[in-house]
Ligand code: AMP
Ligand code: GLY
């Protein structure tokens, strides 16, 4: 069987690697892929854009792929699944209607309210209601959270510590700082606690959570400085016990899938719940994503014992409920992200990357994100360059192993955090 993976990040490298562990998968095509998928046996990159739906549909038809896996949110929000399904191509990833759970925060909030899912109190305002939004913020006071409704590459959220910050965030959105993503804005109660990501597989009826993970979003050690796409991650985080994961399944994931069904949305793929575990032990939804997390995938998949291919096929064939429980390796996984110096601000590209084989010889997995193969040489091509994952007996072991592998890798101006996993040590 051939599978087509759409995307070019560390997440897509990890997905392709895991799919190829199943003997039934003979080939994975990556559109457009990266330096890691270019050099992995049985994997082939295709220089196509993730929003070239006609091209992707044609390629999938010609190759007769078993199904398409869509990594990033943007093509999902633009309707890639609808385009593929229109030609009877199976897709692991929700339709445009389903992807609204990520592409519109106001839509997701309304769905959560309908489903009775615990989440922060909030109110939505459109561009004509800026003064109402400001009055609301003044009434609830700081700290408070202001969000652009649409996709804003992770930059549309301001956690305002003061009223002034909140009001200026509203002005920014109203002035068009995030373009159409700010046509609506959401003001939300501030929640404190620890953030946990629960990625769950669903065929639209049954929903099965994967191991809970925690990522480190800020660039600096001690979780300081500006937010990034994620500088490191570990799983299974003890912050959410197995009993609490079951509770999340019953009280958050299942009601959400039921509410989607009520809206006529047959949701197949990953429902990713970004959760806050409050100091009182309550679990509330901060946001939903319509896809696998990056870098969460790079820590969760290495622990997965059940073939990913079987799970995804069961999702697209609507028989996830008939599969036995997912099996996991014992122990823990830690992924350390190696980035280009300067990220998340500006940084240089095209730096030669060395030492990957030496890192892999330690037993670690090196997932590529911003890398490219140029004249048979591996060079940097993005902010987050590599995700180095190690599986260990416990977190101490996994942390030591992943950093031992990281130290084998070099590129000019390389930056990584040295404290991944500090919160649970
Ligand atoms: P979102 O894209 O909605 O997940 O927001 C991005 C980040 O902002 C989250 O990962 C949190 O760190 C933070 N955040 C979002 N909503 C809240 C909230 N209600 N209370 C506290 N922090 C939040
Ligand atoms: N790691 C956060 C995300 O994938 O959205």
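Residue numbers (my numbering): 9 to 433.
Glycine residues also receive a C-beta, built at the ideal position from the N, C-alpha and C atoms.
Grab me the residues of residue i's own chain with a C-beta within less than 6 angstroms of its C-beta, minus the 5 sequence neighbours each way, in chain order.
i           : result
residue 80  : 15
residue 294 : 282 and 284
residue 19  : 79, 300, 302 and 305
residue 370 : 412 and 413
residue 17  : 302 and 377
residue 48  : none
Grab the span of the beta strand (DSSP E) containing residue i for me, first residue to last.
i           : result
residue 31  : Looking at the DSSP string, residue 31 is not in any beta strand (DSSP E), and its letter there is neither H nor E.
residue 240 : 240-243
residue 197 : 192-197
residue 112 : No beta strand (DSSP E) contains residue 112, which DSSP labels as neither H nor E.
residue 67  : First-last for residue 67: 61-71, but that is the alpha helix (DSSP H), not the beta strand (DSSP E).
residue 168 : 165-168
residue 360 : Counting along the chain, residue 360 falls outside any beta strand (DSSP E), and DSSP gives it neither H nor E.
residue 226 : 226-228
residue 16  : Unbroken run through residue 16: none, as it is neither H nor E.
residue 153 : 152-156
residue 332 : First-last for residue 332: undefined, no H or E at that position.
First and last residue of the alpha helix (DSSP H) that includes residue i?
i           : result
residue 292 : Where residue 292 is concerned, there is no enclosing alpha helix (DSSP H), although the beta strand (DSSP E) it sits in stretches over 291-297.
residue 141 : 138-148
residue 280 : Unbroken run through residue 280 is the beta strand (DSSP E), 277-285; no alpha helix (DSSP H).
residue 368 : 364-369
residue 417 : Neither: residue 417 is in no alpha helix (DSSP H) and is coded neither H nor E.
residue 82  : 81-86
residue 263 : 262-270
Does any heavy atom of the ligand GLY sit closer than 7 angstroms to the C-beta of residue i?
i           : result
residue 234 : no
Which same chain residues end up closer than 7 angstroms to residue i when comparing Cβ atoms and leaving out the 5 residues on each side of it in sequence?
i           : result
residue 83  : 14, 58 and 59
residue 310 : 341, 373, 397 and 399
residue 155 : 113, 164, 165, 193, 194 and 196
residue 122 : 267
Helix, strand or coil: which one does DSSP assign to residue i?
i           : result
residue 51  : strand
residue 434 : The question about residue 434 has no answer, for the chain in this structure spans 9 to 433.
residue 398 : strand
residue 44  : helix
residue 313 : coil
residue 246 : coil
residue 300 : coil
residue 202 : strand
residue 352 : coil
residue 179 : helix
residue 185 : coil
residue 107 : helix
residue 121 : helix
residue 96  : coil
residue 305 : helix
residue 383 : coil
residue 76  : strand
residue 344 : strand
residue 223 : strand
residue 392 : strand
residue 208 : strand
For the ligand AMP, I want to know if residue i counts as a neighbour, meaning its beta carbon is within less than 7 angstroms of at least one of the ligand's heavy atoms.
i           : result
residue 153 : yes
residue 77  : no
residue 198 : yes
residue 163 : no
residue 117 : no
residue 294 : yes
residue 167 : yes
residue 290 : no
residue 128 : yes
residue 203 : yes
residue 329 : no
residue 2   : The structure shown does not extend to residue 2, since the chain is modelled only from 9 through 433, so no value can be given for it.
residue 282 : yes
residue 225 : yes
Does the CB of residue i have a neighbour CB from chain D at under 8 angstroms?
i           : result
residue 197 : Judged by its chain identifiers, the structure shown contains no chain D, having just a single protein chain.
Return the chain-ordered list of same chain residues with a C-beta closer than 8 angstroms to the C-beta of residue i, the five sequence neighbours on each side being excluded.
i           : result
residue 287 : 200 and 201
residue 270 : 122
Is residue i near the ligand GTP, going by C-beta to nearest heavy atom under 7 angstroms?
i           : result
residue 197 : Among the ligands in the structure shown, the ligand GTP does not appear; only the ligand AMP and the ligand GLY can be found there.
Check your understanding: Under a criterion of Cβ closer than 5 angstroms to any non-hydrogen atom of the ligand GLY, which residues qualify, in chain order?
Key -> 223, 238, 301 and 302
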